[in-house]
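**Student:**
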Amino acid sequence: MKRIIFVLIIVLFMFSLLPIRLYSLMVKQTEFAAVSNSTKEIILSELRGEIYDCNMKKLVNNTQENIIIVHPEKENSDLLYNLIDENEYSRLLECFDSGKPFVCNSVIDNEKFPTAEIFRRYTDSGFCCHVVGYINAEDNKGVSGIEKSFDTLLKEDNRRLLYVYNTTAQNKILAGGRNEIVSQNYYSVKGVQLTIDYNIQKIAENAMWLYGVDKGAVVVMDSSNGEIRAMASTPKFNQNDIQSSLDNKDSPFINRAVNSYCVGSVFKLVVAATAVKEGKTNFVSYCNGSVSISEKTFACSSHTAHGNVDIRKAMAHSCNTYFIRLALELGAEKILATAENMGFGKSFTLADGFFNSSGTLPQIEDVMNNGEIANLSFGQGGLLSTPLQVACCYSSAVNGGNFIEPKLIKNFVNADGGFYNNKSSQYVYRAFAKGESDILKDILINDFTEGTCVSSKPENCIAGGKTSTAQTGWIDEKGEEILHGWFAGFVQTSGTVYTIVVFKENAVSGSEDCGPVFKEIAERIANNY
């Protein structure tokens, strides 16, 4: 009997230990779970993919700044109070209350705080902003330019720089635990390569600023392949502060390089090209300063009488009367066909959703009478064109006679830094015979020897060009007509012929406002920057 009682006592004792053991296991599992979930992270920086120039120089993510990581401890609060300004400190007080590490962007040289180098997507200068575009800071989505065209591609790498740290079971930062900066594809090289040349783009933007082109555009193109080396538009906008540009009455978000405007006398190259194709280069006319067509008088600039004029002298002096008579001799149909062949009236797709305006090339029914043909001969009437279209036109005249569709996307870059090709088609066709192109090129070179272009002649290089002062029909608050200025031409280096087009809204004249910009860009390119 005693033995039975003893066994029962032992059994009861063992059962009494079971809850204790179960509780112990539960506590250990809880502690294990707490340790397992103790690694946490904060995002220091997120990046989109790269956008490169034609030489693989970064157009984004090319500025670094230092940040510090602050642990929410009282001693750090006291330390920061003495190191940063009062407004920044007040903003950070809420971060101390969160109990989590946080980032401070103020520049602080103190070993107490871990530091990290992060990339800024954009500079504040707005460099190449109309091509690159910008993103919506709230959802990291591309809104304009290349950022919008390749939004999916530029987001797909999910590039992040993290600060990883350990916490206790009570969600406190673990003293002596893991605290390190970790990259998740942050330094990836994947992206899009453009045809833009960083150095030429910078030259174009600086030249516009230097000579006061506050509303306008510059396009620089390699005439041999249609690759756009610079596409600058003013005013620029700050991609880091979009709000500041929203109320700007000068519309900084418009890319004026692909927007259409009244053209004026740069169109005379089209009439000259038609004459070359039709064998009319020996056409001579007498200019007494004006000509009457369909009961309307058309004057040359300043009513200057140019006397006997051939095609070379007429281009150099921008003689309206000569080109009116030449256009009447050629007929509107042939001139319009040449204009279309040289790129007028065409819309170009530079990237998905990135278009060049087609402008307006009049139809034959729009130029049925002599007065309308007269207007067309010097680029007035209903004709509208973009700086990019004018660049294509002049390229076809100086590159041996080929019309080449403009190109902005050069390649795509993979994770290894290798290229995979841009498969978009680029159409090319012969607009002129080689000999015809040579004649047109020579006519443009002659423009720098006499007439309206002389003051814009670049030094120590081969160049040619044409000025334009286009009437818009719009009247400003002073009751004066608003004019647009143009300068279109080329500069020849040892291996490349670059087409350069300068445009300015509300100009005094093409030679005064745009000529110096052309000269500056041409000389810098000819001298290898």
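Per this note's numbering, numbering of the sequence shown is gapless, rising by one per residue and ending at 529.
Just so you know, even glycine gets a beta-carbon here, dropped at the ideal spot from N, CA and C.
Quick one: give me the first and last residue of the beta strand (DSSP E) that Arg-120 is part of.
**Tutor:** Note, Arg-120: beta strand (DSSP E), 115 to 120.
**Student:** Where do the N-terminal and C-terminal ends of the beta strand (DSSP E) with Val-182 fall, by residue?
**Tutor:** Val-182 -> beta strand (DSSP E) spans 179 to 184.
**Student:** So, for Gly-417: in the same chain, excluding its five sequence neighbours on each side, which residues have a beta-carbon less than 8 Å away from its beta-carbon?
**Tutor:** Excluding sequence neighbours, Gly-417 sits near Val-189.
**Student:** Opposite Leu-384 in the DSSP bridges: which residues?
**Tutor:** In DSSP, Leu-384 forms a bridge with Cys-262, Thr-360.
**Student:** Please report the residue range of the beta strand (DSSP E) in which Thr-338 lies.
**Tutor:** Element bounds for Thr-338: not the beta strand (DSSP E) but the alpha helix (DSSP H), 332 to 341.
**Student:** Assuming Tyr-186 contacts Leu-47 under a Cβ cut-off of 8 Å, what Cβ separation, rounded to an integer in Å, is found between them?
**Tutor:** Confirmed, about 6 Å.
**Student:** Can at least three beta-carbon pairs, one atom from the stretch 208 to 220 and one from the stretch 232 to 247, be found at a separation below 8 Å?
**Tutor:** Taking 8 Å as the limit for Cβ pairs, the verdict is that the stretch 232 to 247 does touch the stretch 208 to 220.
**Student:** Going by alpha carbons, who is nearest to Asp-241 out of Ile-254, Asp-157, Ser-290, Ile-135?
**Tutor:** Looking at the Cα atoms, Ile-135 is the closest of the given residues.
**Student:** By Cβ distance below 6 Å, which residues in the same chain neighbour Thr-452 in space, the five residues on each side in sequence not counted?
**Tutor:** Ser-318, Thr-467, Ser-511, listed in sequence order.
**Student:** Within 10 Å of its beta-carbon, does Trp-474 have 16 or more other beta-carbons around it, so buried, or fewer, so exposed?
**Tutor:** Exposed: under 16 other Cβ atoms inside 10 Å.
**Student:** What does a CB cutoff of less than 7 Å around Val-35 pick up in its chain, not counting 5 residues either side in sequence?
**Tutor:** Summary for Val-35: the model assigns pLDDT 44, below 50, so the residue's position carries little reliability, and this model does not support an answer.
**Student:** For Ser-233, write down the residues that DSSP places opposite it in a beta bridge.
**Tutor:** DSSP lists Ala-217 as partners of Ser-233.
**Student:** Report the three-state DSSP secondary structure of Gln-64 (helix, strand or coil).
**Tutor:** Here Gln-64 sits in strand by DSSP.
**Student:** With C-beta atoms as the reference, is His-306 less than 8 Å away from Lys-296?
**Tutor:** No, the Cβ-Cβ distance between His-306 and Lys-296 is not below 8 Å.
**Student:** In chain order, what residues of the same chain lie with their CB nearer than 6 Å to the CB of Asn-375, ignoring the 5 residues before and after it?
**Tutor:** Counting only Cβ-Cβ distances below 6 Å, and skipping sequence neighbours, we find Gly-381.
**Student:** Assign Asp-513 to buried or exposed, taking buried as 16 or more other Cβ atoms, counted over all protein chains shown, within 10 Å of its Cβ.
**Tutor:** The residue in question, Asp-513, is buried, as its Cβ has 16 or more Cβ neighbours within 10 Å.
**Student:** If contact is defined by three or more beta carbon pairs under 8 Å, each pair taking one atom from either stretch, is the stretch 164 to 174 in contact with the stretch 47 to 61?
**Tutor:** Flag = no, the stretch 47 to 61 and the stretch 164 to 174 do not touch.
**Student:** Round the Cβ separation of Leu-388 and Asn-356 to the nearest angstrom and send it over; I've been treating them as touching at under 8 Å.
**Tutor:** The pair is a contact, with the Cβ atoms about 5 Å apart (cut-off 8 Å).
**Student:** So for Phe-355, helix, strand or coil by DSSP?
**Tutor:** The answer is strand: DSSP assigns Phe-355 an E or B state.
**Student:** Straight-line CA distance for Ser-144 to Ser-396?
**Tutor:** Distance between the alpha carbons of Ser-144 and Ser-396: 30 Å.
**Student:** Applying the 10 Å Cβ sphere with the 16-neighbour rule, what's the burial state of Met-368?
**Tutor:** With fewer than 16 other Cβ atoms within 10 Å, it is exposed.
**Student:** Quick one: Cα of Thr-386 to Cα of Val-291, how far?
**Tutor:** C-alpha separation (whole angstroms): 29 Å.
**Student:** My output table needs one value for Leu-59: the three-state DSSP class, helix, strand or coil.
**Tutor:** Three-state DSSP puts Leu-59 in coil, outside helix and strand.
**Student:** Roughly how many angstroms separate the alpha carbons of Val-220 and Leu-80, rounded to a whole number?
**Tutor:** So the two alpha carbons sit approximately 50 Å from each other.
**Student:** Kindly indicate the opening and closing residues of the beta strand (DSSP E) around Cys-287.
**Tutor:** From DSSP, the beta strand (DSSP E) with Cys-287 extends over 285 to 287.
**Student:** What is the DSSP secondary structure of Arg-325, reduced to helix, strand or coil?
**Tutor:** Arg-325 falls in the helix class under three-state DSSP.
**Student:** What are the start and end residues of the beta strand (DSSP E) that includes Lys-40?
**Tutor:** 39 to 47 is the extent of the beta strand (DSSP E) around Lys-40.
**Student:** Determine the DSSP secondary structure at Phe-267, reduced to helix, strand or coil.
**Tutor:** Of the three classes helix, strand and coil, the one that applies to Phe-267 here is helix, per DSSP.
**Student:** I need the straight-line Cα distance from Gly-177 to Glu-73, nearest angstrom please.
**Tutor:** Cα to Cα, the separation comes out at about 15 Å.
**Student:** Is the separation between the beta-carbon of Leu-59 and that of Cys-104 shorter than 8 Å?
**Tutor:** No.
**Student:** Tell me the start and end of each unbroken beta strand (DSSP E) in the stretch 281 to 321 that is at least 3 residues and wholly inside, in chain order.
**Tutor:** Whole beta strand (DSSP E) segments, 3+ residues: 285 to 287, 290 to 293, 296 to 299, 307 to 309.
**Student:** Give a yes or no on contact between the stretch 143 to 161 and the stretch 271 to 283, applying the rule of three or more CB pairs nearer than 8 Å.
**Tutor:** No, the stretch 143 to 161 does not touch the stretch 271 to 283.
**Student:** Are the CB atoms of Ser-437 and Gly-401 nearer to each other than 8 Å?
**Tutor:** A contact, by the Cβ cut-off of 8 Å.
**Student:** Given a cut-off of 8 Å, decide if Ala-488 and Val-501 are closer than it, judged by their beta-carbon atoms.
**Tutor:** In this structure, Ala-488 lies closer than 8 Å to Val-501 by Cβ.
**Student:** Measuring CB to CB, does Ala-175 end up less than 8 Å from Ala-204?
**Tutor:** Going by C-beta atoms, Ala-175 is not nearer than 8 Å to Ala-204.
**Student:** With DSSP collapsed to three states, give me the class of Cys-392.
**Tutor:** It is helical.
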